[in-house]
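All the letters of the sequence shown, read from the start, carry residue numbers 191 to 439 under this note's numbering.
Each remark here refers to the structure printed beneath this line.
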Amino acid sequence: MDRLACVDVPALPLQLLLRREPGWRDVPAVVVERDHPQARVLWVSEAARRSQVLPGMRYAQALSLERGLRAGVVEREEIRRGVAALVRRLHGFAPRVEADDDEPGTFWLDVSGLRRLWPSATAWAEAVRRDLAADGFRASVVVGFTRFGTFAMARVTDGCRVFADPAAEQVAARNVPLARLDIDPAMRAQLARLGVHTVGAFLELPAGGVRERWGPEAHRLRLLAAGELRLPLDPRAVERPLRRTLELE
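Structure (structure tokens):
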């Protein structure tokens, strides 16, 4: 069976912001969509999560939970450049790399043929993580078998994890809290009121009811989590910096 890896640079726009504001690294910090009290919170640090600040909240609400919260805006072009730079680095470890357009900082890599080049999947994953750390990025690397399973586990893994078989990956992914997947805040709140807090509990809900109540995106998420929808890898070409040459006679 083909092997797939998820490399998750959590909250990449936030990591880019903290490069700009290194004094915020140890305090609650968020990226907001714009500089306004009613702007949505887009990405949050672990320190902010500990104060119950979550993506999707309004900045004013987040401030009411954590008065020392720091916030900044990261423009789309800065994020695009950051993603492109990471794709170039990851191409040094796998020939096919897909960047998630909806979750900047999440990447899937085809690692099916790498067993001939590396002593183990663990050695490969640790090398990827060390390389990103050398460039100042915190990342989790999970080697498994499915798009959803590796992504979900990367969201709760501090470091590297390798699954030996699909069943082990599926069992582990069922225990992932929905809050770690940054799903729609309104849907997350409604599920919490129903006592649904994990992927496994979400999968216990009837598929038709999920579609009817929360729409096609929630239904798609359930299909992915259940392993009923498998999307092929959509690798991204490497963006090479433009170069200008001048020939002198």
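The beta carbon of each residue, even a glycine, is placed where N, CA and C say it ideally should be.
Length-filtered (4 minimum) alpha helix (DSSP H) runs lying within the segment 376-435: 389-393, 397-404 and 406-416
For Pro-367, the residue or residues it bridges with in DSSP: Looking up residue 367 in the sequence shown gives position 177. DSSP, once it has assigned bridges, lists Thr-388 as partnering Pro-367.
Closest Cα partner of Asp-192 within the set Leu-244, Arg-337 and Ser-330: In the sequence shown, counting from the first residue as 1, residue 192 sits at position 2. Closest option to Asp-192, Cα to Cα, is Arg-337.
Arg-215 versus Val-197, Val-234 and Ala-229, residue with shortest Cα-Cα distance: Counted from its first residue, the sequence shown places residue 215 at position 25. Closest option to Arg-215, Cα to Cα, is Val-234.
Taking Arg-305 as the reference, which of Asp-321, Arg-319, Glu-288 and Val-333 has the closest Cα? By 1-based counting over the sequence shown, the position of residue 305 is 115. Here the closest residue by C-alpha is Val-333.
Same chain, Cβ closer than 7 Å to Ser-268, five either side skipped, listed in chain order: Your numbering for residue 268 matches position 78 in the sequence shown. Correcting the residue identity first, residue 268 is Glu in this sequence and not Ser. Result list for Glu-268: Leu-206, in chain order.
Sheet register partners of Trp-298 (DSSP bridge): On the sequence shown, residue 298 is found 108 positions in, with the first residue counted as 1. In DSSP, Trp-298 forms a bridge with Cys-196 and Glu-288.
Length of the line joining the Cα atoms of Val-231 and Ala-275: Here residue 231 corresponds to residue number 41 of the sequence shown, with the count starting at 1. Here residue 275 corresponds to residue number 85 of the sequence shown, with the count starting at 1. Spanning the two alpha carbons is a distance of roughly 25 Å.
Given this structure, state the Cα-to-Cα distance separating Met-247 from Pro-375, to the nearest angstrom. Numbered from 1 along the sequence shown, position 57 holds the residue referred to as residue 247. Numbered from 1 along the sequence shown, position 185 holds the residue referred to as residue 375. Computed Cα separation, rounded: 8 Å.
Leu-204 - DSSP class collapsed to helix/strand/coil: As a position in the sequence shown, residue 204 is number 14, starting the count at 1. Helix, per DSSP.
Check whether chain E comes within 8 Å of Gly-399, counting only Cβ atoms and requiring the distance to be less than that. Any reference to chain E falls outside this structure, which holds one protein chain only.
Buried or exposed for Ser-330, going by 16 or more other Cβ atoms inside 10 Å? Numbered from its first residue, the sequence shown carries residue 330 at position 140. When all chains shown are included, Ser-330 counts as buried.
If you count every other CB in all the chains shown that lies within 10 Å of the CB of Arg-345, and 16 or more means buried, which is it? Mapped onto the sequence shown, residue 345 falls at position 155. Buried, by the Cβ-count rule.
Arg-351, enclosing beta strand (DSSP E) - first and last residue: Along the sequence shown, one-based indexing puts residue 351 at 161. 350-352 is the span of the beta strand (DSSP E), which, as asked, contains Arg-351.
Separation of Ala-342 from Glu-394, as counted between CA atoms: On the sequence shown, position 204 is the one that residue 394 refers to. On the sequence shown, position 152 is the one that residue 342 refers to. Their backbone Cα atoms lie some 17 Å apart in a straight line.
Considering only DSSP beta bridges, list what Arg-248 is partnered with. Here residue 248 refers to the residue found at position 58 when the sequence shown is read from its first residue. Arg-230.
Could you tell me if Glu-211 is buried or exposed, where buried requires 16 or more neighbouring beta carbons within 10 angstroms of its beta carbon? Along the sequence shown, read from residue 1 onward, the residue named residue 211 stands at position 21. Exposed, since its Cβ has fewer than 16 Cβ neighbours within 10 Å.
Grab me the residues of Val-264's own chain with a C-beta within less than 6 Å of its C-beta, minus the 5 sequence neighbours each way, in chain order. What you label residue 264 is simply residue 74 of the sequence shown in a count that begins at 1. Only Pro-203, Leu-206, Leu-207 and Val-221 meet the Cβ criterion.
Rounded to a whole number of angstroms, what is the C-alpha to C-alpha distance between Val-361 and Gly-349? On the sequence shown, position 171 is the one that residue 361 refers to. On the sequence shown, position 159 is the one that residue 349 refers to. A direct Cα-Cα distance of roughly 19 Å separates Val-361 from Gly-349.
Let's test the definition: count the other Cβ atoms within 10 Å of the Cβ of Arg-420 and tell me whether it reaches 16, buried, or not, exposed. Taking the first residue of the sequence shown as position 1, residue 420 is located at position 230. So Arg-420 ends up on the exposed side.
To the nearest angstrom, how far is it from the Cα of Arg-240 to the Cα of Trp-308? In the sequence shown, residue 240 corresponds to position 50, counting from 1. In the sequence shown, residue 308 corresponds to position 118, counting from 1. Each residue's alpha carbon lies about 38 Å from the other.
So, are the CB atoms of Ser-280 and Val-273 less than 8 Å apart? One-based indexing of the sequence shown puts residue 280 at position 90. One-based indexing of the sequence shown puts residue 273 at position 83. Just to set this straight, residue 280 is Leu in the shown sequence, not Ser. Result no, Cβ atoms of Leu-280 and Val-273 do not sit closer than 8 Å.
Mind checking which residues open and close the beta strand (DSSP E) that includes Arg-260? Along the sequence shown, one-based indexing puts residue 260 at 70. For Arg-260, the uninterrupted beta strand (DSSP E) run begins and ends at 260-262, by DSSP.
Look at the alpha carbon of Val-386 and the alpha carbon of Leu-413, and state the distance between them as a whole number of angstroms. What you label residue 386 is simply residue 196 of the sequence shown in a count that begins at 1. What you label residue 413 is simply residue 223 of the sequence shown in a count that begins at 1. Answer to the nearest angstrom: the Cα atoms are 17 Å apart.
Gly-303 to Ala-311 span [Cα, whole Å]: As a working note, residue 303 is residue 113 in the sequence shown. As a working note, residue 311 is residue 121 in the sequence shown. So the alpha carbons of these two residues sit roughly 11 Å apart.
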